[in-house]
Amino acid sequence: NAGVTQTPKFQVLKTGQSMTLQCAQDMNHNSMYWYRQDPGMGLRLIYYSASEGTTDKGEVPNGYNVSRLNKREFSLRLESAAPSQTSVYFCASRTDSPYGYTFGSGTRLTVV
Amino acid sequence: SQQGEEDPQALSIQEGENATMNCSYKTSINNLQWYRQNSGRGLVHLILIRSNEREKHSGRLRVTLDTSKKSSSLLITASRAADTASYFCARYVNNDMRFGAGTRLTVKP
Numbered sequence: 022n023a024g025v026t027q028t029p030k031f032q033v034l035k036t037g038q039s040m041t042l043q044c045a046q047d048m049n050h051n052s053m054y055w056y057r058q059d060p061g062m063g064l065r066l067i068y069y070s071a072s073e074g075t076t077d078k079g080e081v082p083n084g085y086n087v088s089r090l091n092k093r094e095f096s097l098r099l100e101s102a103a104p105s106q107t108s109v110y111f112c113a114s115r116t117d118s119p120y121g122y123t124f125g126s127g128t129r130l131t132v133v
Numbered sequence: 087s088q089q090g091e092e093d094p095q096a097l098s099i100q101e102g103e104n105a106t107m108n109c110s111y112k113t114s115i116n117n118l119q120w121y122r123q124n125s126g127r128g129l130v131h132l133i134l135i136r137s138n139e140r141e142k143h144s145g146r147l148r149v150t151l152d153t154s155k156k157s158s159s160l161l162i163t164a165s166r167a168a169d170t171a172s173y174f175c176a177r178y179v180n181n182d183m184r185f186g187a188g189t190r191l192t193v194k195p
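Going line by line, the protein sequences match chains H and Y.
Anchor point for the first sequence: position 94 equals 115 in the working numbering, and the numbering is continuous, going up by one each time.
Anchor point for the second sequence: position 92 equals 178 in the working numbering, and the numbering is continuous, going up by one each time.
Here's what the structure looks like:
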């Protein structure tokens, strides 16, 4: 099935631990995005990549790094997890046209 | 900060009734989009309305756009229990999509 695949679906980390959230899309989209969703806050953009080899900060980039490994894959890394990073993380992609995004099913991360 | 603000925050109706959700935004747009999110799932794109359009339909969905008031509304007609979800408006800001906090719709059978 075409779409955006995120792994893992759930993760619990201890404060200070690191981890990488993986995202892959098979729709040949140029642009990919990482969002976090917190209760009552909607989605906030962490980082995005307009094309392979480029990345840019979004609204809330502090504490995160990203890698656009190739056109299909866009990973999000937490180097030293903090409780404030407890959230649901969504990856999304889109074509160059300003049409709708395709979202993954999310990663629920808890930092204790 | 959010670039689209949905109103109301929560809406509860009976199956068969219509549901109307509103979205306000602050700066000019080329287009505005509506998404649905079922509990525990990712967002699904519903409909896009361009700035030169005033109304658009898709099945039981009707979206209106008033650029002079910087507002949009999403109407779901003849609602079903399966329409229970959160609904978000979104628009592009500096080449990325910004979402509001959403309206939580509950349709009671």
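Each residue gets a CB set at the ideal place from its N, CA and C atoms; glycine is no exception.
Predicted model, so just to flag it, every value in this text is computed and none were measured.
Buried or exposed by the 16-neighbour rule on C-beta atoms within 10 Å, applied to residue i
i	result
residue 140/Y	exposed
residue 170/Y	buried
residue 48/H	exposed
residue 75/H	exposed
residue 63/H	buried
CB-CB length for residue i against residue j, believed under 8 Å
i	j	result
residue 58/H	residue 111/H	6 Å
residue 107/H	residue 131/H	5 Å
residue 189/Y	residue 178/Y	About 20 Å; that fails the 8 Å criterion.
residue 125/H	residue 26/H	6 Å
residue 98/H	residue 52/H	Incorrect: roughly 19 Å between the Cβ atoms, too far for contact.
residue 194/Y	residue 98/Y	7 Å
Beta-carbon proximity of residue i to residue j, cut-off 8 Å
i	j	result
residue 119/Y	residue 61/H	no
residue 165/Y	residue 109/Y	no
residue 156/Y	residue 112/Y	yes
residue 129/Y	residue 136/Y	no
residue 109/H	residue 93/H	no
residue 116/Y	residue 162/Y	no
Alpha-carbon spacing of residue i relative to residue j, whole angstroms
i	j	result
residue 133/Y	residue 186/Y	16 Å
residue 87/Y	residue 80/H	Because residue 87/Y carries a pLDDT of 41, less than 50, the predicted location of this residue cannot be relied on, and no value is offered for it.
residue 96/H	residue 175/Y	26 Å
residue 148/Y	residue 107/Y	11 Å
residue 29/H	residue 44/H	9 Å
residue 123/H	residue 191/Y	22 Å
residue 142/Y	residue 131/Y	14 Å
Chain-ordered neighbours of residue i on chain B, where CB pairs are closer than 9 Å
i	result
residue 54/H	Given the protein chain composition of this structure (H and Y), no chain B is represented.
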